[in-house]
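Residues 1 to 331 in the UniProt record's numbering are what the sequence shown spells out, letter by letter.
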Amino acid sequence: MPNPYEIPSIRRQLYNPTKLIARLTSYLFSLLHSSHKTNLNITVICISDTHTLIPTFIPPGDILIHAGDLTNAGTPAELQAQIDHLSSLPHRYKITIAGNHDTYLDPASRKTLSPADQAGSVDWKDIIYLQNSSTTLDFSDRTSRNHGRVKVFGSPHVPLVGGPEHAFQYPREEDMWTGKIPQDADIIVTHGPPRFHLDLPGVRAMGDPFLLREVRRTKPLLHVFGHIHAGRSDVLGILRGGQEDVRWDESERALAAVLGRESNERVWGLVSSWKNVVDCYHLLIFVVSGIVALLQHRVLGHEVPSTRMVNAALTYCNTGKLGNKPQVVEL
């Protein structure tokens, strides 16, 4: 049985041609849109999923964000080693959340550790640890927007991954997110991705649809996540460089409607998907709405709110090696 966290084979993606065409079209639209500029004069360095390993180079910047899975076994010793490294870096603000491998940080999963590790502790030093909480950073020397305040919200929760040793899990069908993210958050940090964005392809998307809906509601400037290592390593993830500007217009909703359709698992999907009027209808709506949005942007200068999404996983797929570079975002 294929690993659900690996990139689906090309053959399996071809079983669902409407989804593949929608993803390719979405990427082409992104090339024709100009990036939204915030002019905050702030550099954000994004990393995630280091799994006890130490990156050889972290670029300089103003904010360093680690989006969880600092460890493998989730012990206090593993956490402290990662914290010590992050604390040694020169960034003005350093922020982290937990991931599902960071067992000690969730009281429920902590019970699976040895008695000695359960009784242990960690010293966060100058690291800002967020767990369903927010922090406000002072950049009054850089920007006058919102009096120089940048609000960051972080949450570690992920849809069910595995056994009780995994931290901050919830059933996949459960809505963990509605109303949880502050409306005024400028940056949000979650361990897992919103569904379909720098996620695995739509035939096996692992991101959370409720998280996508909540990010759509709040429209932050930046959303940093990891967890799905391969989400930045399939062909489109590589072409996007692990970053995606999501414009909150009708075409975004139409894309979600296409990718959210039930996937075909057999070669019959090559035919049945095209015969399925609903699939083709959703694809047509997406293409038309995308063209309309592009014309409004290019011809009329119409701007809609957008979010820069970043898959910051440093571990390359499931190799256990840090094969991806840290992400640099200029706000």
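Positions of the beta carbon are idealized from the N, C-alpha and C atoms, including for glycine.
Beta-bridge partners of residue i, as assigned by DSSP
| i | result |
| --- | --- |
| His66 | Ile47, Thr96 |
| Leu322 | Thr315 |
| Ser306 | Arg247 |
| Val328 | Ile45 |
beta-carbon residue i near the ligand FMN non-hydrogen atom, thresh 6 angstroms
| i | result |
| --- | --- |
| Ser30 | Among the components modelled here there is no ligand, and therefore nothing to report on the ligand FMN. |
Three-state secondary structure assigned by DSSP to residue i
| i | result |
| --- | --- |
| Asp141 | coil |
| Ser26 | helix |
| Thr52 | coil |
| Ala81 | helix |
| Leu130 | coil |
| Thr135 | strand |
| Pro17 | helix |
| Leu40 | coil |
| Ala73 | coil |
| Asp123 | coil |
| Leu295 | helix |
| Asp117 | helix |
| Thr112 | coil |
| Asn3 | coil |
| Leu300 | coil |
| Pro59 | coil |
| Leu89 | coil |
Rounded straight-line distance, which links the Cα of residue j to that of residue i
| i | j | result |
| --- | --- | --- |
| Phe196 | Arg204 | 9 angstroms |
| Ile65 | His223 | 11 angstroms |
| Leu212 | Pro90 | 33 angstroms |
| Gln80 | Leu239 | 35 angstroms |
| Thr314 | Ile54 | Per the sequence shown, residue 314 should be read as Leu rather than Thr. So the alpha carbons of these two residues sit roughly 10 angstroms apart. |
| Val287 | Ile188 | 29 angstroms |
| Leu160 | Glu6 | 16 angstroms |
| residue 414 | Pro107 | Not covered by the structure: residue 414. The range shown for the chain is 1 to 331. |
| Gln13 | Val235 | 12 angstroms |
| Thr71 | Tyr104 | 10 angstroms |
| Val292 | His302 | 11 angstroms |
| Leu300 | Val215 | 26 angstroms |
| Lys325 | Cys46 | 9 angstroms |
| Val258 | Asp249 | 15 angstroms |
| Ile128 | Ser134 | 10 angstroms |
| Ile10 | Arg232 | 16 angstroms |
| Tyr170 | His157 | 7 angstroms |
| Gly260 | Asp123 | 42 angstroms |
| Asn276 | Leu31 | 29 angstroms |
| Leu255 | His229 | 22 angstroms |
| Ser140 | Pro76 | 36 angstroms |
| Phe57 | Leu322 | 11 angstroms |
Supposed close pair residue i, residue j - CB separation, criterion 8 angstroms
| i | j | result |
| --- | --- | --- |
| Thr18 | Asp279 | 5 angstroms |
| Thr43 | Val328 | 7 angstroms |
| Ser87 | Ala67 | Between Ala67 and Ser87 the Cβ distance is about 17 angstroms, and since that is not below 8 angstroms, they are no contact. |
| Leu331 | Thr38 | 5 angstroms |
| Gly242 | Leu198 | 6 angstroms |
| Thr143 | Asn41 | 6 angstroms |
| Ile83 | Ile63 | About 17 angstroms; that fails the 8 angstroms criterion. |
| Leu294 | His36 | That belief does not hold up - the Cβ atoms of Leu294 and His36 are roughly 14 angstroms apart, past 8 angstroms. |
| Phe225 | Pro193 | 5 angstroms |
| Val304 | Arg217 | Not confirmed; about 14 angstroms, so no contact. |
Taking only runs that begin and end inside the segment 216 to 292, name each unbroken beta strand (DSSP E) of 3 or more residues, in chain order. 222 to 225, 243 to 247
Alpha helix (DSSP H) runs wholly inside the segment 148 to 221, at least 4 long, in chain order: 209 to 218
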